[in-house]
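What follows is a short report on a single structure.
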Amino acid sequence: MTTLQSPPNMIRQEQSTVDDHQPHDPCELLRWELAQRQESGFDLGAYAAAAHQVVESGDAAEARRMLDELDTVTRGQSWPYEEPEDLVGILATLPEAAPVTTVGEAELRDRTLGAWLGRCAGCNLGKPVENGDHWTVAHLRSYLELADAYPLRDYIPALTPMPEGFELREFWPYTTRGLITESARDDDIDYTILGLHILEEFGFGFTTADVAAEWLDRLPYTQTFTAERVAYRNLVIGLEPGRAGKVDNPYREWIGAQIRADIFGYVRPGDPRAAAELAYGDAVLSHSANGVYGAMWAAALVAAAFTGTARQTVEASMTCIPPGSRLAEAIRQVIDWHASGATWDEARTAIEDRYGHYSWVHTINNAAVVAAGLLWGDGDFTATIGLTVQGGWDTDSNGATAGSVAGIITGAKGLPPHWTGPLNDLTRSAIRGFDRSRISDLADRTLRLATSR
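Taking my numbering, the leading residue of the sequence shown gets 83, the next gets one more, and so forth.
Put into structure tokens, the structure is as follows:
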């Protein structure tokens, strides 16, 4: 089998497999609001069955009525989790912040460039197989074994003819082995770039309203998905930023805020708590509860990586999210499995058993996969992003986050050239004014912010 040839080089706008989640479709909103309520402790009983019938019938007017009715439902008394939503309430659940650890400028420069390169490499690695419904762990392994690429130690190869039963994402011609000439446009990179711009424009005191304004000015609506698309839609019709993520948003605990958070760790190296607080101001535009905690966790994880091992980094990140939350419970469980001597395969199976009921783009299950990739990868860049992407679900987002952390731990000078060379120090972006950015320039700009305090 051989690889196929890339089409002409141009910016490619993607139509995501999560693009079916449309905020203007009451039936679609009702389908996922039912799941969100049931996952967060609401006992809907016979109401859920009736609502599912409405969803299947396509009766938009009745779906709208039932959505409004759901707002009157209260959570059961037996709910065992503590999941505050305001920053004061979140911080009240956390232990005292650890002292800030400083990093020398030369080391910081190398690790910051490693973060950007690692994020781009991990994102591109996972991008051809970003479809958790199709690319299950077993299905992905079968394909990789056919391609003599298991375990993953390099970018995913595209086989021709494509074996029956397998389908790479539509952007495979520029994200598979031998065809990569730059970091592909992707929302996981777009939001990191946009976050950098927001910090440059407004400083560390930026507000959620500032984030909203920059979305509308620089981010194309068609390149937003799930919770971000809901928030964008709500901003356009005139809702205030404080309400944009709260109206008709059944995706509020999905992974979108988590993928936006790495930049806040980049600019607060060695200070996980400060990074998490910065991430909160961005996340609440579109998310709540575990959706926000995921962003705080990812930012803290990245910030901690500048001064710790993979294990220390994951443990430090846990001090920045509510300990009584479902997200904290899931990551603690992964830490315990690792400490007990379980293999990565055993841990991934256990993650599926416990958290596989969530959407493949939910925060909780994907954070567990990232934590597993980091722990079992143990600071080795190739092993970390390979295991994380082999873990399935939101592969490009997970590969990007794991790549940030492992890239920081390794440093740019230690990154294997077969990951960084094909990127040619260039990334595409849908963010206005940032297409064809030099990755090294983005890192330099980040470094200036990180050393400005």
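The beta-carbon is built from N, C-alpha and C at its ideal position, and this holds for glycine as well. All of these numbers come straight from a predicted model, not from anything done at the bench.
So, under 8 Å CB-CB, residue i and residue j are touching, yes? Tell me the CB distance rounded to an integer number of Å.
| i | j | result |
| --- | --- | --- |
| Pro243 | Thr258 | Contact flag wrong, Cβ pair sits at about 15 Å. |
| Ala398 | Gly347 | About 11 Å; that fails the 8 Å criterion. |
| Thr290 | Gly324 | 7 Å |
| Glu282 | Arg535 | 14 Å between Cβ atoms; not a contact. |
| Pro405 | Thr175 | 6 Å |
| Asp230 | Asp478 | Not really, about 23 Å apart at Cβ, beyond 8 Å. |
Residues in the same chain with beta-carbon distance under 7 Å from residue i, minus the five sequence neighbours each way, listed in chain order, please.
| i | result |
| --- | --- |
| Ser486 | Ala197, Gly200, Arg201, Asp344, Val384 |
| His444 | Glu335, Trp336, Ile337 |
| Leu529 | Leu190, Arg191, Thr194 |
| Ala133 | Leu112, Leu116, Met148 |
| Leu409 | Asn372, Tyr375, Gly376, Trp379, Ile403, Thr445, Ile446, Ala449 |
| Ala356 | Arg350 |
| Leu321 | Val329 |
| Arg430 | Val219, Ala454, Gly473 |
| Tyr585 | The structure shown has nothing for residue 585, since the chain only spans 83 to 535. |
Can you tell which of the options has its C-alpha closest to the C-alpha of residue i?
| i | options | result |
| --- | --- | --- |
| Gln472 | Pro181, Leu173, Tyr225 | Tyr225 |
| Tyr362 | Ala130, Ser160, Gly171, Ala142 | Gly171 |
| Gly208 | Glu187, Thr183, Gly186, Leu234 | Leu234 |
| His103 | Gly186, Thr304, Tyr437 | Thr304 |
| Asp476 | Gly204, Trp161, Thr492 | Gly204 |
| Asn331 | Gly515, Glu138, Ser522, Leu152 | Leu152 |
| Thr218 | Ile433, Asp460, Gly515, Ala291 | Ile433 |
| Glu164 | Ser407, Ser139, Asp270 | Ser407 |
| Leu456 | Asn213, Arg514, Thr492 | Thr492 |
| Glu296 | Leu531, Arg119, Gly515 | Gly515 |
| Ile413 | Ser422, Ala421, Ala453, Thr395 | Ala453 |
| Pro498 | Thr533, Asp462, Ala220, Asp517 | Asp462 |
| His369 | Leu241, Asp418, Ile417, Ala309 | Ala309 |
| Val182 | Ala387, Tyr314, Gln135 | Ala387 |
| Ala494 | Ala131, Ala188, Thr289, Thr154 | Ala188 |
| Gly503 | Thr175, Asp236, Glu110, Tyr232 | Asp236 |
| Leu317 | Gly285, Leu367, Leu278, Glu283 | Leu367 |
| Tyr333 | Ala358, Arg315, Phe307 | Phe307 |
| Ala484 | Pro405, Thr395, Ile417 | Thr395 |
| Ser139 | Ala229, Val155, Leu278, Cys109 | Cys109 |
| Phe253 | Leu278, Arg223, Asn206 | Asn206 |
Are the beta-carbon atoms belonging to residue i and residue j less than 8 Å from one another?
| i | j | result |
| --- | --- | --- |
| Gly376 | Ala326 | no |
| Gly264 | Leu524 | The sequence as given places Glu at residue 264; Gly does not occur at that position. Not in contact: Glu264 and Leu524 (Cβ atoms no closer than 8 Å). |
| Thr466 | Ala449 | no |
| Arg147 | Gly123 | no |
| Pro105 | Val312 | yes |
| Thr470 | Asn480 | yes |
| Ile275 | Ser519 | yes |
| Pro166 | Thr401 | no |
| Ala482 | Ile341 | yes |
| Leu126 | Gln120 | yes |
| His216 | Glu249 | yes |
| Ala128 | Val137 | no |
| Gly352 | Val185 | yes |
| His420 | Trp458 | yes |
| Ala392 | Asp460 | yes |
| Trp442 | Gly214 | yes |
| Leu173 | Phe286 | no |
Starting from the C-beta of residue i, find all residues in its chain whose C-beta is less than 6 Å away, skip the five residues before and the five after it, and write them out in chain order.
| i | result |
| --- | --- |
| Ala512 | Arg267, Asp272, Pro302, Gln305 |
| Arg251 | Pro210, Glu212 |
| Asp107 | none |
| Thr161 | Per the sequence shown, residue 161 should be read as Trp rather than Thr. Hits under 6 Å: Gly123. |
| Leu169 | Tyr362 |
| Ala179 | Arg355 |
| Leu531 | Leu281, Val349 |
| Trp426 | Trp458, Leu469 |
| Gln415 | none |
| Pro245 | Leu228 |
Excluding the 5 residues flanking residue i on each side, which residues of the same chain have their C-beta closer than 8 Å to its C-beta?
| i | result |
| --- | --- |
| Ile521 | Leu195, Trp198, Leu199, Cys202, Ser265, Leu505, Asp507, Leu508, Thr509 |
| Val451 | Arg430, Ile433, Thr470, Gly473, Gly474, Trp475, Asn480 |
| Thr533 | Glu187, Leu190 |
| Tyr440 | Glu121, Ile446, Asn447 |
| Trp114 | His103, Pro332, Tyr333, Ser441 |
| Ala130 | Leu116, Gln120 |
Within the 8 Å Cβ cut-off, does residue i reach chain C?
| i | result |
| --- | --- |
| Ile275 | Of the protein chains in the structure, only one exists, and it is not chain C. |
Worksheet entry | Sequence ranges, alpha helix (DSSP H) only - wholly within the stretch 231-291, length at least 4 | Counting only runs of 4+ residues, the alpha helix (DSSP H) found wholly inside the stretch 231-291 occupies 269-284, in chain order.
Worksheet entry | Whole runs of the alpha helix (DSSP H) within the stretch 352-376, excluding any shorter than 4 residues | Within the stretch 352-376, the complete alpha helix (DSSP H) runs of at least 4 residues are 354-365.
Worksheet entry | 4 or more residues per run - each alpha helix (DSSP H) lying fully within the stretch 421-487 | Secondary structure within the stretch 421-487: the alpha helix (DSSP H) runs of 4 or more consecutive residues, fully enclosed, are 426-437, 445-459, 463-472 (chain order).
Discussion item. Please give the ranges of any alpha helix (DSSP H) in the stretch 176-218, keeping only runs that are unbroken, at least 4 residues long and fully inside the region.
Written reply: Entirely contained in the stretch 176-218, the alpha helix (DSSP H) runs reaching 4 residues are, in chain order, 187-208.
Worksheet item: Along the chain, which unbroken stretches of the alpha helix (DSSP H) at least 4 residues long are found entirely within the stretch 314-358?
Response: 323-326, 338-341, 344-348
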